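These notes are about the structure you will find just below.
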């Protein structure tokens, strides 16, 4: 993943991502190494553990569309089989963003009709084949006679893969949706109520292990784990035994529900710092399941209807710092600020906890502190253009309300320092907002904004001339 950081940075922030990405590939060609283009497609198609997704499907829609647009523009550099497989996987998604689906369709339309040559992408150029055929080989046994080699199975695997992709795939597991699950029988409801009583009385590790096995069995048998967990209320278990229960329940596509039914309810109504056991358990689980942690823990907490408080702010900061790669933090920020509810942003929780979650962010001091912590983490956390625009509008709107707030002022100073010349089009708005504040960082904010206009004036003029 480390080698792709510069490429993702270009795709995120460059005004011409296709051209700059192509130049990046050109500058990283290594004669004795496999082609980077194949490695990049392999990364995008790599499966995500514990889900039916591939890596590209976990990225924000903004980045997905840019990647697909780049692949479409420079398709001749990539293997047609891999491109076709990637485009097919994206097109069949039922809840895909409009622009991502359009980019995937464009890529699919660019693919040649009919069957693809089996290994044509990796074949030698015709001029090199002609030259090599006229030369005496250094090793007489080479090249091998292909007719004497066993037939490869790659084609059959590829066909099977495409047959699997014909069925629509949802970015959120179907097991999370009660409308696709059978109703619980009276017997199952009775078993769930018995387990609910056991949850509040369990006191030892052996009892917790036995209870975890019972909960897992009834979730699998009923095929309706959401309703089962809603009845059992496993979040009522003693904090000392949460780790045991959490690590001993597993069922297909159940990670979302396990997080949202055991850890999330303990934190949604939190008013003080959670116990060290809850913090360590949460961090350990989120390290193993970072994708699920975003939808089943971080998003519901950030969108609390009561607004963020400092204990939750500190916990989310720990999760993003210790469990998430800087690029994933960038995507997470973009999802929180810009994604639409129900499409790219899909908080997962049990039905009885929906009343604790809002559809809109509530901007308060802990929220600004959280964004300060995430943005200030390190230089590899990159803000996308739409994230920058959203934060500029928030600063403009909230400047009067938080005029004397040091947390707000520190966030604005961090934001301005982080984005630098990317804010040149927003400079006037930000200066007006900064002038409304009255803290000891106000002068520093205004000075930093003023330096943007001076430091980048020459670069700005050069870009304008080159565009003409």
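Numbering (this note's numbering), first residue to last: 46 to 513.
The C-beta atom is built at its ideal place from N, Cα and C for all residues, glycine as well.
Note that the structure is a prediction, hence the values are computed from the model and not measured.
For residue 402, the secondary structure class from DSSP, reduced to helix, strand or coil, is strand. The three-state secondary structure of residue 422, taken from DSSP, is coil.
Taking residue 463 as the centre and dropping the five residues before and after it, the same chain places the C-beta of 420 closer than 6 Å to its C-beta, in chain order. Taking a 10 Å sphere around the C-beta of residue 123, we find 16 or more other C-beta atoms and assign the residue as buried. Collapsing the DSSP output to three states places residue 99 in a strand. Of all C-beta pairs linking the segment 315 to 324 to the segment 267 to 278, fewer than three are shorter than 8 Å, placing the two stretches out of contact. Collapsing the DSSP output to three states places residue 92 in a strand. The beta carbons of residue 375 and residue 427 sit closer together than 9 Å. Counting of Cβ neighbours within 10 angstroms places residue 68 among the exposed residues, the total staying below 16. Secondary structure at residue 395: coil, using DSSP grouped into helix, strand and coil. One alpha carbon belongs to residue 306, the other to residue 282, and they sit about 11 Å apart. With 16 or more other Cβ atoms from the protein chains shown falling within 10 Å of its own Cβ, residue 450 counts as buried.
Ranked by how close their Cα comes to the Cα of residue 128, the residues 152, 109, 138, 147 have 152 in first place. In the structure shown, the three-state DSSP call for residue 291 is helix.
Sequence-distant Cβ neighbours of residue 52 in its own chain, meaning closer than 7 Å and more than five residues away, are 66, 69. With a 10 Å radius around the Cβ and a threshold of 16 neighbouring Cβ atoms, residue 145 comes out buried.
Excluding five sequence positions before and after residue 335, the CB atoms of its chain that fall closer than 7 Å to its own CB belong to 368, 369, 373, given in chain order. The beta carbons of residue 88 and residue 107 sit about 18 Å from each other, so the pair does not count as a contact at 8 Å.
The segment 260 to 268 makes contact with the segment 290 to 304, as at least three CB pairs between them are under 8 Å.
When rounded, the separation of the alpha-carbon atoms in residue 59 and residue 237 is 53 Å. Taking a 10 Å sphere around the C-beta of residue 48, we find fewer than 16 other C-beta atoms and assign the residue as exposed. The beta-carbon distance between residue 155 and residue 120, rounded to whole angstroms, is 5 Å. This is short enough to meet the 8 Å contact definition.
The residues 105, 429, 432, in chain order, have a CB closer than 6 Å to that of residue 379 in the same chain once the five nearest residues on each side in sequence are set aside. Residue burial is scored here from C-beta neighbours: residue 470 has fewer than 16 other C-beta atoms within 10 angstroms and is therefore classed as exposed.
In the DSSP assignment, residue 233 falls within the alpha helix (DSSP H) that extends over 231 to 246. Each residue's CA atom was taken as its position, placing residue 486 and residue 458 some 7 Å apart. In this structure, DSSP gives residue 346 a helical state, which the three-state scheme calls helix.
For a cut-off of 8 Å, the C-beta gap from residue 377 to residue 365 is around 7 Å, short enough to register as a contact. With a cutoff of 9 Å on beta-carbon distance, residue 116 and residue 131 are scored as near each other. A distance below 9 Å separates the beta carbons of residue 437 and residue 474. Using a Cβ distance threshold of 9 Å, residue 241 and residue 280 do not count as a contacting pair. Distance from the CA of residue 254 to the CA of residue 456, rounded to the nearest whole angstrom, comes to 45 Å.
Secondary structure note for residue 352: it is in no alpha helix (DSSP H), with a DSSP letter that is neither H nor E. Rounded to whole angstroms, residue 256 and residue 278 show a C-alpha spacing of 13 Å.
DSSP places residue 448 in no alpha helix (DSSP H); its state is neither H nor E.
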